[in-house]
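Counting in the working numbering, the final residue of the sequence shown is number 1611, and the numbers go up one at a time with none missing.
We put the beta carbon where it would ideally sit given N, CA and C, even for glycine.
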Amino acid sequence: MCGIMGYIGPRDAAKVVLGGLECLEYRGYDSAGIALAEGRKIGISKCVGSVANLKAQLAKNALSGKMGMGHTRWATHGGVTKENAHPHVDPDGKVVLIHNGIVENFHELGEEFAKKGVRFASETDTEVAAFLISSLYQNDPLLAIRKACARLRGSFAFVILFTDIDDRYYCVRKGPPLILGAADGEAFCASDAAALLPYTRNLLFLEDEEIAELSAEGIALYGFDGTPKEVHTKTVDWDASMTSKGMYPHFMLKEIEEQGNVLRQTLTKRIGGPEGRAIDLEEEFPFSREDVARFRRIHFVACGTSCHAAMVAGRLADKFTGLDVRVETASEYRSGSVICDDQTLAVFVSQSGETADTLAAARQARAKGARCLAVTNVVNSSLAREVGSVLELCAGPEIGVAATKTFMGQLAALTLLVLWIGKKKGNLDREKELRLTEEFARLPLKLENVIAQGETLRKMAEGCKDAFGFLFIGRGASYAIALEGALKLKEISYVHAEAHAAGEMKHGPIAILDVHLPVVAVVPKDDLYEKTLSNIQEARARNAPIIAIASEGDEDIFRFSDDCFFVPRTENELTPILTVVPLQLFAYHLASLLGREIDRPRNLAKSVTVE
Ligand code: F6R
């Protein structure tokens, strides 16, 4: 949660920091703030709400400087107030701090300081951390930071200015991401590489328990024990145009429309190989044939939308891997007594690679000896580094808070992963493989065909914009897609939506059905079609309006639904890739008709780096 941006160099720091904050706003938008150093004079401006509010405030009371830092907040400790907005200055006025994460022992430290008469201006853990550093500071900033880190528990990414130092600032990482970039005479830091792309693509991904000193001379790196470290930058292949909305009204729409290309990119390097039209994960899959033979279990662990992709993968894994399959949300996985050992392949799915619960679950599985794999869009993310082995999503940066194109990348990458394991285990014959790979090649166009029918979905959404809720149903992998459709809808439209396995409806949820509650049924023409159709009829008998997401050529569905949207026919295993798209667009248009803040829905932030 929270977005951080820092800068030192010849440019107008206010401009650089504000530009970065706009790019990072998806991480939190409860409040925003900036600190700018003009020599040793530090000016601070903070406000409740978005970066636009901060810009308006600065337009009236301008601040300037060549060194600065800014923050967009997703509130954890302390309400959404100007006092709690970052940056925070310690009560002695020596340290200015911005923070992403949670200092778990801040009560204990706060009480200790309060007994000494220290009075804090905010309710935040950040101000306590600022005072801790300040109280340990005697002309050696690095030493003060190191000593403070030794006393702090929890997770934190800090950017720190010292009020008596005007030629450098400091970054600290223990948990939440912090990425650094240095170019000629300037040095940047941000919570996400996307904010740095307008300036440099050579980035340093700060590791856990590292401290960086940033100045016009560049970056110096230290461990928490004070040992100097070598600075290794990596060149990323994302560019700044990927993080701009272009002509689109919202990032979400742009990202939905990019999904055909996401599919192409995800598939291109993984289909082909020496056999031609074969699934080939040889280079990325880190386990040998012997390892695969030893696996008894496969676990898919994730949160939110990523967990829905994991559910789809779980269904496929039941069919192709012959392993004991378990799919679980990361928060439950880590708090249960799951059997997980060196015969377990544990797959952690996370677009950001920074989700706290998924990271903790991965640590736990590793400690139990599981063989782990991260499926993520950010190859240098904490999850990727924790797990060591990565299957990349190839989706490019996703800015809209509601995940869409990364879900597509996850569906494609996980499907390939499961089929690859199936192949290694002798459960995927060549004929089936050929059918699937040929169909994979056709899918991007089919998907783009669905996207081209956005207007139909807008009209569909218009038809039910006054509904007080929605019930989504589906069976098998379509149940996971129903869950995803309901999540997308509630996330961005704030309209109540719930999803159930179609067969479960009669065990309770059917009680809420009436003429005011549309049922969205994901009902492709697969092995489960007829059973889902029976459930649709049950709902119809209770007067619920039915919206069906069905397969092209399915004439029967007209008789059982009030409105239908057809997706092109494909192999059963690949239908989720097509059926999810109308649901994303339906949610988008409904939210748009209701005038919601689509890219920044209330109460949410894109990366959930707290537990
Ligand atoms: C929904 C959404 C969230 C994320 C969840 C996990 O649109 O974006 O439900 O899927 O917070 O995030 P990652 O995939 O980054 O671990």
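In this model, L1323 and G1476 are separated by some 18 Å (Cα to Cα). The C-alpha of H1500 is placed about 42 Å away from the C-alpha of L1206.
Judged by pairs of C-beta atoms under 8 Å, the stretch 1210-1221 does not touch the stretch 1234-1241, as fewer than three such pairs exist. The residue among I1165, G1117, V1159, A1157 with its C-alpha nearest the C-alpha of Q1138 is I1165. Taking all protein chains in view, the Cβ of G1070 is crowded by 16 or more other Cβ atoms within 10 Å, so the residue is classified as buried. Judged by DSSP in its simplified three-state form, S1045 adopts strand. Under the three-state reduction of DSSP output, I1008 falls in the strand class. With 16 or more other Cβ atoms from the protein chains shown falling within 10 Å of its own Cβ, S1350 counts as buried.
Here L1604 carries a coil assignment [DSSP, helix/strand/coil]. With contacts defined as CB atoms closer than 7 Å, V1096 and A1035 qualify as a contacting pair. Listed in chain order, the beta strand (DSSP E) elements of length 3 or more contained wholly in the stretch 1419-1487 are 1469-1474.
Between G1181 and L1203, the C-beta spacing is below 7 Å. Per the C-alpha coordinates, the member of V1519, N1105, I1473, Q1410 positioned closest to G1503 is I1473.
For V1378, the Cβ stays outside the 6 Å cut-off from all heavy atoms of ligand 1. In this structure, the beta-carbon distance from I1547 to D1527 does not fall below 7 Å. When distances are taken from the beta-carbon of G1003 to the heavy atoms of ligand 1, even the shortest one reaches 6 Å or more.
Runs of the alpha helix (DSSP H) lying entirely within the stretch 1242-1316 and spanning at least 4 residues, in chain order: 1251-1257, 1259-1268, 1289-1294. Taking a contact to require three or more Cβ pairs closer than 8 Å, the stretch 1483-1501 and the stretch 1584-1600 qualify as touching. Secondary structure of N1053 (DSSP, three-state): helix. Assignment of Y1029 by DSSP, reduced to helix, strand and coil, places it in the coil class. When only Cα atoms are considered, V1523 and A1550 end up about 5 Å apart. Between ligand 1 and V1608, a heavy atom-to-CB distance of less than 6 Å is present. According to the DSSP assignment, N1535 belongs to no beta strand (DSSP E) but to the alpha helix (DSSP H) extending over 1529-1541.
Look at L1345 here: in three-state DSSP terms it is strand. Here L1253 is buried, its C-beta having at least 16 other C-beta atoms within 10 Å.
Taking 7 Å as the cut-off, the Cβ atoms of E1386 and A1362 count as close. Nearest Cα to R1168 within the set H1250, A1541, A1212, S1134: A1212. By the CB criterion at 7 Å, I1004 and N1100 fall inside the cutoff. Residues P1286, L1373 of the same chain have their beta carbon placed closer than 6 Å to that of S1389, with the five preceding and five following residues left out of the count.
Sixteen is the threshold: when 16 or more other Cβ atoms of the shown chains lie within 10 Å of the Cβ of E1573, as they do, the residue is buried. Distance from the CA of D1208 to the CA of G1223, rounded to the nearest whole angstrom, comes to 9 Å.
Listed in chain order, the alpha helix (DSSP H) runs fully inside the stretch 1327-1399 are 1330-1335, 1356-1367, 1382-1387, counting runs of at least 4 residues. Annotated as proximal: L1517 and A1544, with beta-carbon spacing under 7 Å. Looking at the backbone, the Cα of I1008 and that of I1512 are separated by about 58 Å. Distance check between K1432 and each of G1409, L1419, K1425 places L1419 closest, using alpha-carbon atoms only. For S1352, the Cβ falls inside the 6 Å cut-off from some heavy atom of ligand 1.
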